[in-house]
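Below: the structure, in structure tokens.
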């Protein structure tokens, strides 16, 4: 039975769950990784790979792939599972769209993922800046497939979606992250029903564009809750799904309640496919943008 959630800051943390021997990640210190980090730093760009301490940074950077994080590296929210810094962000950089497009062209990417921090300080939640980045990529990195991983645009959803419709991506992604019961603990600034509404509205408005979402396991969720989320996402129009293991970035973040075995991830993948998803990536190190190009292959259609 899942332990009750204690919202008091002084609550005693549970004992650390030992990390299993099969959970290993490629080294982030390979020369190719360090070289790409240097190039990105010199261009003034941020990646969620670095800012959120993604465990796959060693593998992805060695392959020359990255998920660009626009609108700065300071989030207006402080989700206790996430390692991205929070605070008062700077105004959007007007030159960032061009810088991203140049970096993508230099890297020769065929598929690029663009995400952002939450920008609750902006009237449109940053939707207009996403459009500028998409436009710059269409012009400066011809032929690249564009996947956007957007925040929830809470407080400005209809307006944000209207803005995004001006320049559509090839794939639309928004992570649901966890089950509804754990939102107060893991995503205190977000709302489960609102995130579903975002996915559903976009899917209905743009049925030709694949919609994707993701969930983490290991935060204390129960099997029945995970299955409900899978069916909720499918009903909201999602055709792609990622399911990965939550890994606590530090002792200051939410602890890992348990490590899910590869066999169990395989079972969740089968159940999601049975629910009607076209593509499912499930595994301990799977993240929303992990092997994004391979996952999208055969699912993305031409955007009108």
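Numbering (this note's numbering), first residue to last: 233 to 536.
Just so you know, even glycine gets a beta-carbon here, dropped at the ideal spot from N, CA and C.
A quick note: this is a predicted structure, and the numbers were derived from the prediction, not measured.
Rounded to whole angstroms, what is the Cα-Cα separation between residue i and residue j?
i: residue 340; j: residue 367; result: 17 Å
i: residue 439; j: residue 321; result: 34 Å
i: residue 475; j: residue 327; result: 34 Å
i: residue 348; j: residue 403; result: 15 Å
i: residue 396; j: residue 359; result: 6 Å
i: residue 515; j: residue 414; result: 21 Å
i: residue 354; j: residue 392; result: 11 Å
i: residue 382; j: residue 398; result: 15 Å
i: residue 454; j: residue 319; result: 33 Å
i: residue 521; j: residue 250; result: 26 Å
i: residue 304; j: residue 380; result: 16 Å
i: residue 301; j: residue 255; result: 26 Å
i: residue 494; j: residue 473; result: 17 Å
i: residue 507; j: residue 371; result: 38 Å
i: residue 466; j: residue 394; result: 23 Å
Closest by CA to residue i, which one among the options?
i: residue 446; options: 435, 453, 452, 462; result: 462
i: residue 313; options: 507, 305, 481; result: 481
i: residue 324; options: 352, 449, 374, 408; result: 352
i: residue 430; options: 464, 343, 449; result: 464
i: residue 511; options: 409, 444, 418; result: 444
i: residue 408; options: 394, 401, 423; result: 423
i: residue 375; options: 406, 337, 472; result: 337
i: residue 342; options: 308, 306, 507, 299; result: 299
i: residue 405; options: 456, 371, 344; result: 344
i: residue 492; options: 472, 517, 507; result: 517
Is residue j closer than 9 Å to residue i when the C-beta atoms are compared?
i: residue 386; j: residue 361; result: no
i: residue 489; j: residue 452; result: yes
i: residue 389; j: residue 433; result: yes
i: residue 378; j: residue 346; result: yes
i: residue 497; j: residue 470; result: no
i: residue 369; j: residue 316; result: no
i: residue 503; j: residue 459; result: yes
i: residue 479; j: residue 417; result: no
i: residue 428; j: residue 373; result: no
Mind checking residue i: buried by the 16 CB within 10 Å criterion, or exposed?
i: residue 310; result: exposed
i: residue 420; result: exposed
i: residue 477; result: buried
i: residue 252; result: exposed
i: residue 519; result: buried
i: residue 449; result: buried
Could you pull out every residue in the same chain whose Cβ sits closer than 6 Å to the Cβ of residue i, ignoring the five residues on either side in sequence?
i: residue 282; result: Its pLDDT being 49, under 50, residue 282 is placed unreliably in this model, and the coordinates cannot settle the point.
i: residue 500; result: 475, 514
i: residue 329; result: 364, 365, 368
i: residue 307; result: 316, 318, 349, 350
Among residues of its own chain, excluding the 5 on either side of residue i, which ones have a beta-carbon nearer than 7 Å to its beta-carbon?
i: residue 570; result: It is not possible to answer for residue 570, since the shown part of the chain is limited to 233 through 536.
i: residue 436; result: 469
So, does the CB of residue i fall closer than 9 Å to a CB anywhere in chain D?
i: residue 320; result: Absent here is chain D; the protein component of the structure consists of one chain.
Closer than 8 Å: is that where the CB of residue i sits relative to any heavy atom of the ligand FAD?
i: residue 345; result: Among the ligands in the structure shown, none appear at all, so the ligand FAD cannot be discussed.
With a CB to CB cut of under 8 Å and the five nearest residues on each side skipped, what residues in its chain are close to residue i?
i: residue 457; result: 411, 412, 413
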